[in-house]
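**Q** For the sequence shown, the numbering used here gives the first residue as 40, with consecutive numbering after it.
Right, I'll just put the structure down here and ask away after.
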Amino acid sequence: MTDSQFPANFLWGGAIAANQAEGAHLAEGKGLTTVDMIPHGANRMPIKLGLVDKVALDDNEFYPSHDAIDFYHNYKDDIALLAEMGFKVFRLSIAWSRLYPNGDEEEPNQQGIDFYTKVFEECQKHGIEPLVTLCHFDVPMHLVEKYGSWRNRKLITFFERYARTCFNAFDGLVKYWLTFNEINILLHSPFSGAGLLFQPGENRDQVKYQAAHHELVASALVTRIAHEINPQNKVGCMLAGGNFYPYSCKPEDVFTAMEKDRENLFFIDVQSRGYYPSYAKKVFKDKGVELDIHDGDLDILKNTVDFVSFSYYASRCASAEMNSGNTSEANVVKSIKNPHLPASDWGWVIDPLGLRITMNTLYDRYQKPLFLVENGLGAMDEFDSEGQINDDYRINYLREHIKAMKQAIDDGVPLLGFTPWGCIDLVSASTGEMSKRYGFIHVDRNDKGHGTLARTRKKSFYWYQKVIASNGTDLD
Ligand code: BG6
């Protein structure tokens, strides 16, 4: 037992995303989204990274998002299981294309609104606060094909319409919102991050930063609208977090680590402070980027977020000599392998102290409450002879990260809540696998999409139930 430093109203819960859990990819009028076009297997990475000119569904491929874990038809039972663990908050996303199947319609699809109303009412019934991401790696495919996705300024209007619909339709049911999931992933995985495909020969940095500008304006605009519609609404940005450590104390390594951190924090700098950071000018010049900024954009950016949310799986490491031969990837962000840290079976380093460091950095920089909206260990789970999953490795990972959160709170960092990733097993975003599991609840489905979809409580389910009940005091 440790003394609890978590505030009494701390929001304990878990997180999922529509495209990795819902399935039912064309049900009740839903349109195709970017992630519906990303297959499992060898062709996954080139598409995710936007390295192909065009994407189309192929009968010979398997698309994990199409059925996922069928949360769409199981949401009641799934939410009841989360409630049984004592969840106070449930982070999930709305699939943009359930409300606007093509993305550019004038009026929303009522069936999509009805579905999410039922989901949020179910949360309310169990006293669970929804934390809703408006865009979690799923741009309607029609917007990619017709407009080039976020490279086109028109997306700001379409996103504004979609977000306004959500704030109005779910007013009274949802008050915590995130605009774009891991907004910085746009730079590292342009198609899955923001629906970007490139033409041969074009300056990709120009396309990416222009798209980033559009997302940043859209994010600030809808933050303002959320506050106008209901002043109780709280809107956050969302960073794929994890500080870069310098590989050595060589000044060149320290400088590279600083630059790498800035590359990711650039987005949060804008969303949290309300203006472009001073270093952006030189970055744009070096990359040959000339932003098309319209009158009024810089004023819109002044609508800053209420809190800073982030994912943390691993710290990162940089050296001046980084090259493709000596790097690994976690969350598609390239990093030097850190020789001081153990790693998961997927090569993601395990570094709880890195979470404390990241939290202190974010709070020092932004002075806004933080929300840790993703964390966890992707691991293979096996049933034992008694039909149990004894996932002590997951418990150990989470225990150490919860301790680090507590230490950061002791350091003076305000933290609103904790929603570990994939609280129920779901499809992996990077690999498309089901076997990379994060959940407290096992789902019977394999990498090829076979299985009964039966839900089973793992050992970590009962452990997390105790953690929540004791408000983080009992971590044994
Ligand atoms: C984050 C995403 O990148 O990390 C999630 O927001 C994702 O969508 C999670 O699933 C874990 O990554 P992966 O690749 O193990 O699923």
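Glycine included, each C-beta is placed from N, C-alpha and C at the ideal position.
If you're wondering where the values come from, they're calculated on a predicted model, not measured in any experiment.
Does the separation of the CB atoms of alanine 233 and alanine 250 fall below 9 angstroms?
**A** yes
**Q** Return yes when at least one heavy atom of the ligand BG6 lies under 8 angstroms from the C-beta of glutamate 413, else no.
**A** yes
**Q** The ligand BG6 and tyrosine 477: does any heavy atom of the ligand fall closer than 8 angstroms to the residue's C-beta?
**A** yes
**Q** According to the neighbour-count rule (16 or more other Cβ atoms, all chains shown, within 10 Å of its Cβ), is asparagine 220 buried or exposed?
**A** Buried is the call here.
**Q** DSSP on threonine 156, reduced to helix/strand/coil?
**A** helix
**Q** CB tryptophan 385 to CB alanine 54, shorter than 9 angstroms?
**A** No; because the gap between Cβ atoms is not below 9 angstroms, this pair is not in contact.
**Q** Which of the three DSSP states, helix, strand or coil, is assigned to threonine 41?
**A** Reliability fails at threonine 41, whose pLDDT of 48 lies under 50, so the model's placement of it is uncertain and no value is given.
**Q** Whether or not the stretch 268-288 and the stretch 207-215 are in contact is what I'm after, with contact meaning three or more pairs of Cβ atoms, one per stretch, closer than 8 angstroms; do they touch?
**A** yes
**Q** Is the beta carbon of arginine 263 less than 9 angstroms from the beta carbon of isoleucine 332?
**A** no
**Q** Can you give me the start and stop residues for the beta strand (DSSP E) that phenylalanine 349 sits inside?
**A** Residues 346-350.
**Q** Does the ligand BG6 have a heavy atom nearer than 8 angstroms to the CB of glycine 352?
**A** It is tyrosine, not glycine, that sits at residue 352 in the sequence shown. Yes - the ligand BG6 has a heavy atom lying nearer than 8 angstroms to the Cβ of tyrosine 352.
**Q** Check for me: the beta strand (DSSP E) holding proline 285 runs from which residue to which?
**A** 283-285
**Q** Glutamate 221 CB to nearest chain D CB: under 9 angstroms?
**A** The structure shown contains no chain D, having only a single protein chain.
**Q** Which value, in whole angstroms, describes the spacing of the CA atoms of methionine 40 and alanine 202?
**A** Its pLDDT being 45, under 50, methionine 40 is placed unreliably in this model, and the coordinates cannot settle the point.
**Q** Please check the pair proline 78 and phenylalanine 101, which I expect to be a contact at CB under 8 angstroms, by giving their CB distance rounded to whole angstroms.
**A** 6 angstroms
**Q** Under 8 angstroms, with one C-beta from each stretch per pair, do the stretch 140-151 and the stretch 467-486 reach the 3-pair mark?
**A** no
**Q** Just checking asparagine 220 against the ligand BG6 - is the residue's beta carbon closer than 8 angstroms to any of the ligand's heavy atoms?
**A** Because some heavy atom of the ligand BG6 lies under 8 angstroms away, the Cβ of asparagine 220 counts as near it: yes.
**Q** Measuring straight from C-alpha to C-alpha, what distance separates arginine 69 and lysine 87?
**A** One detail in the question is off: residue 69 reads as lysine in this sequence, not arginine. Taking the straight line from one Cα to the other gives about 21 angstroms.
**Q** Would you tell me roughly how many angstroms separate the C-alpha atoms of leucine 236 and serine 358, rounded to the nearest one?
**A** 29 angstroms
**Q** Which ranges would you report for the alpha helix (DSSP H) in the stretch 205-269 if only whole runs of at least 4 residues count?
**A** 224-227, 229-233, 243-268
**Q** Tell me whether glycine 461, by its Cβ, gets closer than 8 angstroms to a heavy atom of the ligand BG6.
**A** yes
**Q** Comparing the CB of phenylalanine 410 with every heavy atom of the ligand BG6, is any distance shorter than 8 angstroms?
**A** No - the ligand BG6 has no heavy atom lying nearer than 8 angstroms to the Cβ of phenylalanine 410.
**Q** Just the C-alpha distance for aspartate 116 and serine 499, rounded to the nearest angstrom, thanks.
**A** 19 angstroms
**Q** Let me make sure I understand the geometry here. Which of Gln44, Ser132, Val128, Phe45 has the alpha-carbon closest to that of glutamate 61?
**A** Ser132
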